[in-house]
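Shown next, in structure tokens, is the structure this report addresses.
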Amino acid sequence: MVKVMSDLQLNRRSTTSKQNFTLRDLFRWGNRYTYADPKLLEDRSYDWNQHLIDEGYLVLSSKVRSSYETEIIREALFAHFRKRVEEECLFSLTERTSKVTRSILERVMADGVDVKEAVGREEKRRGGEGIVWTFDMRRMAVLTAKALQFNEPVLLVGPTGCGKTTVCQLLATLEQKTLRILNCHMHTEGADFLGGLRPYRSDQNDAVNGDNTPKKHQLFEWSDGPLVLSMQEGGFFLADEISLAEDSVLERLNCLLEPERTLLLAEKGGVSTGAIADEVSTNNDGFVITARDGFQFLATMNPGGDFGKKELSPALRNRLTEIWCRATDAEDDLTHIAENTLCRQVLLEGGDSFPVANDSMGLVARVIVKEVQVLKQSIEKLNFSIRDILAWVGFVAKNASRVGLPEALIYGLETVFLDSLEMLPYETYDEIVSVRRQMRRSLMNLMKRLLKWDGKINMIDYDQQAVGSGGLSVITSTADRFGIHPFYIELDANAQRGTRQGTDFMFTAPTTQRNLFRLLSALSLDKAILLEGPPGVGKTSLVESLAREIGYDIVRINLCEHTDLADLFGTDLPADDRSLEVNSNEGEEKTTTSSSGSRPTLGSFVWRDGPLLAALKARRNTWILLDELNLAPQSVLEGLNAILDHRGEVYIAELNKTFHLGKRTRIFAAQNPLRQGGGRKGLPQSFLNRFTKVYLRKLERRDLLHVVGSKYDQHFVTLGGQLLKAEGLPLSQSSVVSYFDRRTTQLEEGLKFDLAERMVMFSERLETGLATLEFGYKGGPFEANLRDILRWCELFFSDSCGFVVPQGDVATESFKHQLLVVLFEKMKLVYYQRMRADLDKRYIVTAFSEVFHCDGDELERISQDIGLYWTDEKLYLGDIVLRKGYTMEDAEELPLVVVKQQSLAGTAGANSTLVLASQLELLKSVTECVQLEKPVILCGPSDCGKTK
Numbered sequence: 001m002v003k004v005m006s007d008l009q010l011n012r013r014s015t016t017s018k019q020n021f022t023l024r025d026l027f028r029w030g031n032r033y034t035y036a037d038p039k040l041l042e043d044r045s046y047d048w049n050q051h052l053i054d055e056g057y058l059v060l061s062s063k064v065r066s067s068y069e070t071e072i073i074r075e076a077l078f079a080h081f082r083k084r085v086e087e088e089c090l091f092s093l094t095e096r097t098s099k100v101t102r103s104i105l106e107r108v109m110a111d112g113v114d115v116k117e118a119v120g121r122e123e124k125r126r127g128g129e130g131i132v133w134t135f136d137m138r139r140m141a142v143l144t145a146k147a148l149q150f151n152e153p154v155l156l157v158g159p160t161g162c163g164k165t166t167v168c169q170l171l172a173t174l175e176q177k178t179l180r181i182l183n184c185h186m187h188t189e190g191a192d193f194l195g196g197l198r199p200y201r202s203d204q205n206d207a208v209n210g211d212n213t214p215k216k217h218q219l220f221e222w223s224d225g226p227l228v229l230s231m232q233e234g235g236f237f238l239a240d241e242i243s244l245a246e247d248s249v250l251e252r253l254n255c256l257l258e259p260e261r262t263l264l265l266a267e268k269g270g271v272s273t274g275a276i277a278d279e280v281s282t283n284n285d286g287f288v289i290t291a292r293d294g295f296q297f298l299a300t301m302n303p304g305g306d307f308g309k310k311e312l313s314p315a316l317r318n319r320l321t322e323i324w325c326r327a328t329d330a331e332d333d334l335t336h337i338a339e340n341t342l343c344r345q346v347l348l349e350g351g352d353s354f355p356v357a358n359d360s361m362g363l364v365a366r367v368i369v370k371e372v373q374v375l376k377q378s379i380e381k382l383n384f385s386i387r388d389i390l391a392w393v394g395f396v397a398k399n400a401s402r403v404g405l406p407e408a409l410i411y412g413l414e415t416v417f418l419d420s421l422e423m424l425p426y427e428t429y430d431e432i433v434s435v436r437r438q439m440r441r442s443l444m445n446l447m448k449r450l451l452k453w454d455g456k457i458n459m460i461d462y463d464q465q466a467v468g469s470g471g472l473s474v475i476t477s478t479a480d481r482f483g484i485h486p487f488y489i490e491l492d493a494n495a496q497r498g499t500r501q502g503t504d505f506m507f508t509a510p511t512t513q514r515n516l517f518r519l520l521s522a523l524s525l526d527k528a529i530l531l532e533g534p535p536g537v538g539k540t541s542l543v544e545s546l547a548r549e550i551g552y553d554i555v556r557i558n559l560c561e562h563t564d565l566a567d568l569f570g571t572d573l574p575a576d577d578r579s580l581e582v583n584s585n586e587g588e589e590k591t592t593t594s595s596s597g598s599r600p601t602l603g604s605f606v607w608r609d610g611p612l613l614a615a616l617k618a619r620r621n622t623w624i625l626l627d628e629l630n631l632a633p634q635s636v637l638e639g640l641n642a643i644l645d646h647r648g649e650v651y652i653a654e655l656n657k658t659f660h661l662g663k664r665t666r667i668f669a670a671q672n673p674l675r676q677g678g679g680r681k682g683l684p685q686s687f688l689n690r691f692t693k694v695y696l697r698k699l700e701r702r703d704l705l706h707v708v709g710s711k712y713d714q715h716f717v718t719l720g721g722q723l724l725k726a727e728g729l730p731l732s733q734s735s736v737v738s739y740f741d742r743r744t745t746q747l748e749e750g751l752k753f754d755l756a757e758r759m760v761m762f763s764e765r766l767e768t769g770l771a772t773l774e775f776g777y778k779g780g781p782f783e784a785n786l787r788d789i790l791r792w793c794e795l796f797f798s799d800s801c802g803f804v805v806p807q808g809d810v811a812t813e814s815f816k817h818q819l820l821v822v823l824f825e826k827m828k829l830v831y832y833q834r835m836r837a838d839l840d841k842r843y844i845v846t847a848f849s850e851v852f853h854c855d856g857d858e859l860e861r862i863s864q865d866i867g868l869y870w871t872d873e874k875l876y877l878g879d880i881v882l883r884k885g886y887t888m889e890d891a892e893e894l895p896l897v898v899v900k901q902q903s904l905a906g907t908a909g910a911n912s913t914l915v916l917a918s919q920l921e922l923l924k925s926v927t928e929c930v931q932l933e934k935p936v937i938l939c940g941p942s943d944c945g946k947t948k
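This is the structure:
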């Protein structure tokens, strides 16, 4: 055994054996041989040498991550024991199965009930239900169970979706043990594992402490953490994503990971007199915890290399029996998994209406697996796991009876894979369109070849067709459902009629309707949904408007780089002020009842639910929206893993309770693309894989016109009619001559007042320039989107500072001139003044001149000529009139001096507020925003007068 270890050390240059194999591995190998099953001694012909190398192979090969290193271990064992190790005999249940693992395989495989026979029976609740025992899954289960058999702490390392958590849950079910799971994250503390002093939450006010102190005056009490509870009960404890926690926190568990399996709760205390050693040996007041028989420690993690992922320290890894979990990628194994899941889902959905017989389920599964492999070969950056295959299978099982099998397969392909292709980096739009078409053709060919499909299909190609022309169906909104055929959402039956409030959101815009169709399709899956798209496309508005439309409550949580899990789930906070009042007559505290039902005492703390936990506990149907997801720290977001995957639950360490996700509670997340910058972070595949990813396409010109026309159409029509009537010109929307293109006032045909079209054209011109880096490089990235157009329209049509048609005898040509002046001023407020370079501002003026056929330089000169004067009651800033809110005595203390020339600077007093001529335009812009209650960001170098 020592020689084998020495040989493995010689390969440290080509492998990681130097760090992987230590004396602890040698001791594990020896212990497994020493404490082998005594029943084997009854067989005198038993080959103990083979037993020894089988155990050694299980210990040594479990942690290596390549077949090359596995072969080195196999050869080293053969060189010194002259016997071969066959993995088939260790991890497959046959007549030749080694006795080292036979008992484990027999027990595990016996519990893996075939779901075709299990649905409707008691076994469907067992842990093995729905599990397909592929070779990699059997290997993982055997290695884990073997380590637990000898009370070794286990670390499962592997890619996302390979079944690490599922194996832990299965083994806990087999042993009939309670499994407590703690999701680790960046802010995980030792108290989350061990417990700590928590605010006293008991309602038993009559109880007393050991020193006869009434417990109702006790502010804090010791609360055991999930790890301590598992040790005391002899249960299973799983630290999920353990590598996300800080090393200093994990090192606190070193004593537990040693063979003695003890913990010292220094925070709890409990020793008051005598020597500590004597107290520990005699009383053991509860601060020294020794694990009971049956306790097992398990941990899972993803390998380093992805966003935010890291490896554990060698000192900690070596204390754990590390098991590398291979991802299943063999076609036959994946097909078997897909078939098993399809059969189970169809039976649960009611298999009578499914269009395929049971004996053809394997063909449907093979079509899905083959198409996924084609996807992987065609798109290098596409990462998928078994979760994606199972999501596609679940989509087909749920929708095939309504839309047909071919349609369900194609819709499922688009929902699970193709709708998120735009999220891949460095992929152009043309490449994505080409890949989508190629994948559809590939899937159709597979259906024709394997399913004998006739090629007829009845579905919506929402990527190619236009709304109302054989493409998307109209939006259906009835008393009981809302959606686009064939995907509908049932309305909340318990909601009052007034709950479904109207919304200004335009579902009928062509691109918005396509985005809504994608979202409705994604809602067919029981997974969280991640929406990504450029700013202003309507990610948040789409979800909020859809929730209001169906009568659901929605909780929107804005994330940032300082977001902590306590902001989402809640924390202990001081009780409200009434609990701190003291009754002077009786000398007792006046208490109020907290949300938990107890009566907080003086200085007490109560638990306050965070928005996410409050939504989980809500009785009404509630949706949860996590906005700006990739601004939050990735290692904090990983604390949500349990609520996003098949478990659908979250454990709150402070309350020592687990809360479950309701059947109609859905979680949405929205984020801007990573390339937008601004502190956005890349998220690892292990986290993104828990979402159904939907990319919302950028709004096109017709979408922008549809939205702007729907909100301001009456304003544009009225303004155009008034202007042309005042100038004595005919109006005709069908005319080819635009109001801004005319060169003479004598026209026989009518004019087209296309102000909305021109504003959209101008915004698109700027967006194209920003995308191609023609301007806007300094201070960028910038966006010119729908928000800017709507803000421009709101400023232009504002009653307080917008455009008003001149009245009286005014020269006809001045009508258009005054219109362009006001339009230019409002454009500067929205687009021009955010730019930081003179060349960028020059680009915007030129673009305005070309789109509206005017002299931009003259308009800029006019917009900069702003007058400022005041009277006793009012202040006039250009065309803005402000009423003073102070007296003349107050004004004398802060006189307002406008300096237009350097020679006048000396006339201002020491306490004067100087307003330079160059600041008048900025001051006017800020004033307009204040009047319209718009937030303002003043950006500029230091000492440029922002605060003043």
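The UniProt record's numbering puts the first residue of the sequence shown at 1, with every later residue one more than the last. From the three backbone atoms N, C-alpha and C, an ideal C-beta is built for every residue, glycine too. In this text, all values refer to a predicted model and were calculated from it rather than measured experimentally.
How long is the line joining the alpha carbons of residue i and residue j, rounded to whole angstroms?
i: Phe487; j: Ser521; result: 6 Å
i: Asp627; j: Gly536; result: 13 Å
i: Asp192; j: Gly483; result: 43 Å
i: Ala917; j: Met761; result: 33 Å
i: Phe740; j: Lys841; result: 23 Å
i: residue 1010; j: Asp224; result: The chain is shown from 1 up to 948; residue 1010 falls before or after that span and cannot be answered.
i: Glu175; j: Gln296; result: 11 Å
i: Val108; j: Asp645; result: 24 Å
i: Leu506; j: Leu238; result: It is worth fixing the name first, because residue 506 is Met in this sequence and not Leu. Their backbone Cα atoms lie some 47 Å apart in a straight line.
i: Gln373; j: Leu559; result: 36 Å
i: Leu640; j: Phe417; result: 23 Å
i: Lys617; j: Ala145; result: 36 Å
Taking buried to mean at least 16 other C-beta atoms within 10 Å of its own C-beta, is residue i buried or exposed?
i: Glu87; result: exposed
i: Trp870; result: exposed
i: Ile554; result: buried
i: Glu873; result: exposed
i: Asn49; result: exposed
i: Val604; result: For the record, residue 604 in the displayed sequence is Ser; it is not Val. Buried, since its Cβ has 16 or more Cβ neighbours within 10 Å.
i: Asp306; result: buried
i: Phe27; result: exposed
i: Ile937; result: exposed
i: residue 961; result: Residue 961 is absent from the structure shown; the chain starts at 1 and stops at 948.
i: Ser67; result: exposed
Cβ of residue i less than 9 Å from any chain C Cβ?
i: Val881; result: Absent from the structure: chain C. Only one protein chain is present.
On the DSSP bridge list, what partners appear for residue i?
i: Arg180; result: Phe237
i: Met137; result: DSSP, once it has assigned bridges, lists no residue as partnering Met137.
i: Gly195; result: Asp224
i: Glu490; result: Arg481
i: Arg556; result: Leu625
In terms of residues, what are the limits of the alpha helix (DSSP H) holding residue i?
i: Tyr876; result: Element bounds for Tyr876: not the alpha helix (DSSP H) but the beta strand (DSSP E), 874-877.
Specify, as a first and last residue, the run of the beta strand (DSSP E) that residue i falls within.
i: Tyr831; result: First-last for Tyr831: undefined, no H or E at that position.
i: Asn621; result: Segment: none, Asn621 is in no beta strand (DSSP E) and carries neither H nor E.
i: Asn515; result: Premise fails: Asn515 lies in the alpha helix (DSSP H), 510-522, not in any beta strand (DSSP E).
i: Phe605; result: 605-609
i: Trp870; result: 868-870
i: Trp324; result: 321-324
Since I believe residue j is in contact with residue i (beta carbons under 8 Å), could you give me their beta-carbon distance rounded to a whole number of angstroms?
i: Pro159; j: Asn302; result: 7 Å
i: Ile789; j: Val708; result: 6 Å
i: Leu263; j: Leu320; result: With a Cβ gap of about 16 Å, Leu263 and Leu320 do not count as contacting.
i: Gly769; j: Tyr843; result: 6 Å
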